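**Student:**
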Amino acid sequence: MDINTPFFKARASEALQDANLQQALGNLKQGFPHKRAIAVERMPEFDALRDQGRDLKNHILEHLDLYLEQFESRVTENGGHVHWARTGEDANQIILDICQQVNAKTVTKGKSMVSEETGLNDYLEKNGIQPVETDLGEYILQLRGDHPSHIIAPAIHLNLEDVSEAFHEHHHKPKSDDPVTLMQEAREALREKFVVADVGITGANFCVAETGSTIIVTNEGNGDLTQTLPKTHIVITSIEKVVPTLEDMTLFLRLLARSATGQEFTVYNTLSSGPRREGDQDGPDNFHVVLVDNGRSEMVGSQFQEMLRCIRCSACMNHCPVYGAVGGHSYGWVYPGPMGSVLTPKMIGIEKGAALPNASTFCGKCESVCPVRIPLPKLMRHWREDEFSKHLTPKAARYGLGSWAFLAKRPTLYKQFTRLSSWGLKLLANSPFGGKKGTLESIPLAGGWTDFRNMPAPQGDTFMQQWKQRQNAAQTDGESS
Amino acid sequence: MSQQHTPQTASPNVGLFITCLADMFRPSIGFATVKLLEQTGCRVSVPEQQTCCGQPAYNTGDRRTSAEIARMTIDAFAGYEYLVAPSGSCVGMIKYYPELFDAEDPYQQQAQALADRSYEITSFLFDVIGIEALQQQLQQLTIPRTVTYHDSCSGLRQLGIKQQPRELLKQINGLQIEEMTEAETCCGFGGTFCVKYPEISNRMVSNKSEFINGSGADTLVGGDLGCLLNMAGKLQRLGKDNPDTLVEARHVVEILADMLDTPGIGEQDVRRLQAASSSADLSADLSADFALGTELKSSAAQSETTR
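Sequence lines, in order, name chains Y and U. Numbering-wise, the first sequence is residues 1 to 481 according to the numbering used here. Numbering-wise, the second sequence is residues 1001 to 1307 according to the numbering used here.
In structure tokens:
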């Protein structure tokens, strides 16, 4: 997937003008947050569960190596294989090798953000293997040559008409705008793919160390068909997904469904524990797990470690007013919203990713809904510190901050400056720049503000000036009486 | 979350942190804060060595500058039992001060001590002083307005300010609170965010304006001047052609201190308008400004006499 993060501002600007997208985002905003609120209200112990989730994740991250090793040995004991991929390219290569060993022509895929991260689909296609996305949203995107704009509702940026058009073009059937008819069309098209696929690739929401199981949660059942029908099942997932026990997994499942969609539980929760055993009615002959690092082990022990608690529920983006305004594609890479603003710079470098941690008002809503209490604004601030210390902050901002800091550290000078500025702004308010109601309609060098709103003019002298006058007057009164 | 402190003395010695926006744009917020503090028996001083809380540097990633400013603020407020500011955002920044120093730095402890005794004004009045101290004064007021309260992000999520301003406002006769849709959603100001990403910020404040206008309130009230400047500026731009229906924006302390003789945020003083209509030249306008300053001083002096 191309990295378009450096163009965040331009893409956001386009997104704001896109009426279709804005309508779709409006639906998102009214949907998930509302459902989450109801689900949370129904569960008084939700906040206590969040604490447990945070603490458990912290414990896992402290002992990540041990749990991963335990997971690997259990998978091996179950007859599966674990592959370690340091980079995204490594992961793609490993998966291609497995596919080539079984002479795969087509692979079906259940939703996996990690495979988006590694650019797996393009890689397989380039090497003559046809990947077919089976999650309805991802299937639509694949037909359109598009990418997910949300981590659990990948096609949230599209409207019914977009889907109708894509299906009409690819399914060669009469155009329909009935969702049920469209879903049926997709179903029929996908059934054929499921049956002929040589390999099924899924992600994993969690990897259970005590049993060597991986689990995916879906609401469509496509994951089940992806991982049981083909002879080979490959799980591509990342190292921080490991949890110690099945019991621990259930804690996260409760947090995940409620935070993501406001469901008590996801419709399908499917565990895979190795290849088909003797007597099993279905299941793959070969079972592989590809554990992707791609920069995550560097985050362990760093100031970004807390980000590895993320369980990919999307609550942060569902509630983020910035995501709600510009949509996921503006973020220019795999992970959008507040979680993406922390994760993306780690994976593509702060040089390319700096726009994202800056695209936040630090309103804190994301942190307040995070099921594992990741301090997202704090982590975004760490990126800004990194940007600042590497001198990547735009020159104008750096210069502006420098001049302001020079004054802010010198109270006497600062007072003279505020006095002058307040006087200058008042003059401006009364000049042709001024509005009729005591506000400024345009200020030189502050177009960003006045393009869209007035700037209220200062009331009069600064408070400090007036306070001093009041103190002096009180003193004189005291002396004269 | 705000801690429950009990004042050590009957008349707590409070240092007012004025905030740079209030200092420059709306001194009446400072005088209203002083009036409220004095009404509840506090002794109020304004330390001269203060400038800004340092948030612009902190949020830009310049820790060194924010630490230098923090040190200056810590020194300036060293002698006061409390630091009180008419802004949840600036107090929120002061709560970050301890993070700016290493454990062995002597300023670390002082930063923690200052953070522990720093309060946003409505939280100070409600959580520390107690509503009883102000109840009588507030109940004597009659302000026939319908207000809608915007919960600013730092105050709400960092300091837990939600009920305090509302409980105080409820004491006033004739004043009604109409909650807007999404009162807790960010207005899009975000300090430098509104200049870094003006178009996104515009979308956010446009949404907010719809909610404000939809509430049916005649007055928008909040506890942070940054957000209020943003929302008032947008409301005025949108209501350009129909100024009569404009929702007036005010800091909550201006209402609680009954200092409503000054125009709403970004609105012109009627007296200045009259002065301007009698003489169109600039000097008349400026002398009207001067008159406004005098007016403010006299209302501040009045607050002294009512004490």
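For every residue, glycine included, the Cβ atom is placed at its ideal position computed from N, Cα and C. Bear in mind the structure is a predicted one, so any value in this text is a computation, not a measurement.
Using beta carbons (cut-off 8 Å, strictly below), is V1195 (chain U) in contact with chain Y?
**Tutor:** Yes, because at least one Cβ of chain Y sits closer than 8 Å to the Cβ of V1195 (chain U).
**Student:** Along the chain, where does the alpha helix (DSSP H) that runs through A19 (chain Y) open and close?
**Tutor:** A19 to E41 is the span of the alpha helix (DSSP H), which, as asked, contains A19 (chain Y).
**Student:** Does Q466 (chain Y) get closer than 8 Å to chain U when you measure Cβ to Cβ?
**Tutor:** For Q466 (chain Y), the answer is yes, since a Cβ of chain U falls inside 8 Å of its Cβ.
**Student:** By DSSP, does N92 (chain Y) sit in helix, in strand, or in coil?
**Tutor:** If DSSP states are grouped into helix, strand and coil, N92 (chain Y) belongs with the helices.
**Student:** Identify the contact partners of Y414 (chain Y) in chain U, using a Cβ-Cβ distance below 7 Å as the criterion.
**Tutor:** Within chain U, the residues near Y414 (chain Y) are T1051.
**Student:** Would S1011 (chain U) and T1262 (chain U) qualify as a contact pair, given that the criterion is a beta-carbon distance under 8 Å?
**Tutor:** No, they are not a contact pair.
**Student:** Could you spell out where the beta strand (DSSP E) holding I201 (chain Y) opens and where it closes?
**Tutor:** It spans V199 to T202 - the beta strand (DSSP E) in which I201 (chain Y) sits, taken as one unbroken run.
**Student:** State the beta-bridge partners of P456 (chain Y) as determined by DSSP.
**Tutor:** Paired residue(s): Y:T439.
**Student:** Can you name the residues that DSSP bridges to A359 (chain Y)?
**Tutor:** A359 (chain Y) pairs with nothing; no bridge assigned.
**Student:** Whole angstroms is fine: what's the gap from G1054 (chain U)'s alpha carbon to A408 (chain Y)'s?
**Tutor:** Their backbone Cα atoms lie some 8 Å apart in a straight line.
**Student:** Starting from the C-beta of C366 (chain Y), find all residues in its chain whose C-beta is less than 6 Å away, skip the five residues before and the five after it, and write them out in chain order.
**Tutor:** Cβ neighbours of C366 (chain Y) beyond the five flanking positions: C316, C320, P338 and L376.
**Student:** Look up R1250 (chain U) in the DSSP assignment and say whether it is helix, strand or coil.
**Tutor:** Correct three-state label for R1250 (chain U): strand.
**Student:** Cβ of R36 (chain Y) within 8 Å of Cβ of R373 (chain Y)?
**Tutor:** Against a cut-off of 8 Å, the Cβ pair of R373 (chain Y) and R36 (chain Y) comes out as no contact.
**Student:** In chain Y, what lies closer than 8 Å to S1028 (chain U) by C-beta?
**Tutor:** Q459, listed in chain order.
**Student:** Interface residues of chain U around W449 (chain Y) at Cβ under 8 Å?
**Tutor:** Within 8 Å Cβ-Cβ: C1194, V1195, P1198 and G1233.
**Student:** Quick test of your reading: T202 (chain Y) and G110 (chain Y), contact by CB under 8 Å. State the CB separation rounded to the nearest angstrom.
**Tutor:** So it is a contact: roughly 4 Å between Cβ atoms.
**Student:** Within a Cβ cutoff of 6 Å, which residues of the same chain sit near H329 (chain Y), ignoring the five residues on either side of it in sequence?
**Tutor:** S149, listed in sequence order.
**Student:** Against chain Y, which members of the segment 1209-1236 of chain U pass a CB distance test of less than 8 Å?
**Tutor:** If the cut-off is 8 Å between Cβ atoms, the segment 1209-1236 of chain U has L1229, N1230, A1232, G1233, K1234 and Q1236 near chain Y.
**Student:** Which residues in chain U have a C-beta closer than 7 Å to the C-beta of N482 (chain Y)? List them in chain order.
**Tutor:** Absent from the model: residue 482 (chain Y). The displayed extent of chain Y is 1 to 481, so no value can be given.
**Student:** With DSSP collapsed to three states, give me the class of Q466 (chain Y).
**Tutor:** If DSSP states are grouped into helix, strand and coil, Q466 (chain Y) belongs with the helices.
**Student:** Among Y:L158, Y:H81, Y:L96 and Y:E133, whose alpha-carbon lies nearest the alpha-carbon of A19 (chain Y)?
**Tutor:** The option with the nearest alpha carbon to A19 (chain Y) is Y:L158.
**Student:** According to a CB-to-CB cut-off of less than 7 Å, which residues of the segment 1160-1184 of chain U neighbour chain Y?
**Tutor:** Those would be none; no residue qualifies.
**Student:** May I ask you to list, following chain order, the residues of the segment 49-62 of chain Y that have a beta carbon less than 9 Å from some beta carbon of chain U?
**Tutor:** Hits within the stretch: zero.
**Student:** By Cβ distance, which residues of its chain are closer than 6 Å to C1153 (chain U), with the 5 residues on each side in sequence left out?
**Tutor:** If we look at C1153 (chain U) and ignore the five residues flanking it on each side, its Cβ neighbours are C1186.
**Student:** Looking at the structure shown, is E133 (chain Y) part of a helix, part of a strand, or coil, going by DSSP?
**Tutor:** Reduced to three states, the DSSP call for E133 (chain Y) is strand.
**Student:** L291 (chain Y) bridges to which residues according to DSSP?
**Tutor:** Paired residues: Y:W84 and Y:T237.
**Student:** Quick test of your reading: L251 (chain Y) and L56 (chain Y), contact by CB under 8 Å. State the CB separation rounded to the nearest angstrom.
**Tutor:** Between L56 (chain Y) and L251 (chain Y) the Cβ distance is about 7 Å, and since that is below 8 Å, they are a contact.
**Student:** For the segment 1035-1061 of chain U, which residues have a CB atom closer than 8 Å to at least one CB atom of chain Y, in sequence order?
**Tutor:** Listed by position along the chain: V1046, E1048, Q1049, Q1050, T1051, C1052, G1054, P1056, A1057, Y1058, N1059, T1060 and G1061.
**Student:** For the putative contact between E1182 (chain U) and F1211 (chain U), defined by C-beta atoms under 8 Å, what is the C-beta separation to the nearest angstrom?
**Tutor:** Going by Cβ atoms, the distance from E1182 (chain U) to F1211 (chain U) rounds to 5 Å, so yes, they are a contact pair.
**Student:** Name the residues in the segment 363-375 of chain Y whose C-beta lies less than 9 Å from a C-beta of chain U; which are they?
**Tutor:** Under the 9 Å Cβ criterion, the segment 363-375 of chain Y contributes C363, G364, K365, E367 and S368.
**Student:** Quick one: which chain U residues come within Cβ less than 9 Å of L16 (chain Y)?
**Tutor:** The answer, in chain order, is E1199, I1200, N1202 and R1203.
**Student:** Three-state secondary structure (DSSP) at I496 (chain Y)?
**Tutor:** Here chain Y has residues from 1 to 481 only, and residue 496 (chain Y) is not among them.
**Student:** Is the shortest distance between the beta-carbon of D1127 (chain U) and the beta-carbons of chain Y less than 8 Å?
**Tutor:** Chain Y, which has no Cβ nearer than 8 Å to the Cβ of D1127 (chain U), makes this no.
**Student:** Rounded to a whole number of angstroms, what is the C-alpha to C-alpha distance between P131 (chain Y) and T106 (chain Y)?
**Tutor:** Looking at the two C-alpha atoms, the distance is approximately 6 Å.
**Student:** With H, G and I counted as helix, E and B as strand and the rest as coil, what does DSSP make of R1071 (chain U)?
**Tutor:** Helix.
**Student:** Considering only the beta carbon of each residue, do I1172 (chain U) and Y1149 (chain U) sit closer than 8 Å?
**Tutor:** In this structure, Y1149 (chain U) does not lie closer than 8 Å to I1172 (chain U) by Cβ.
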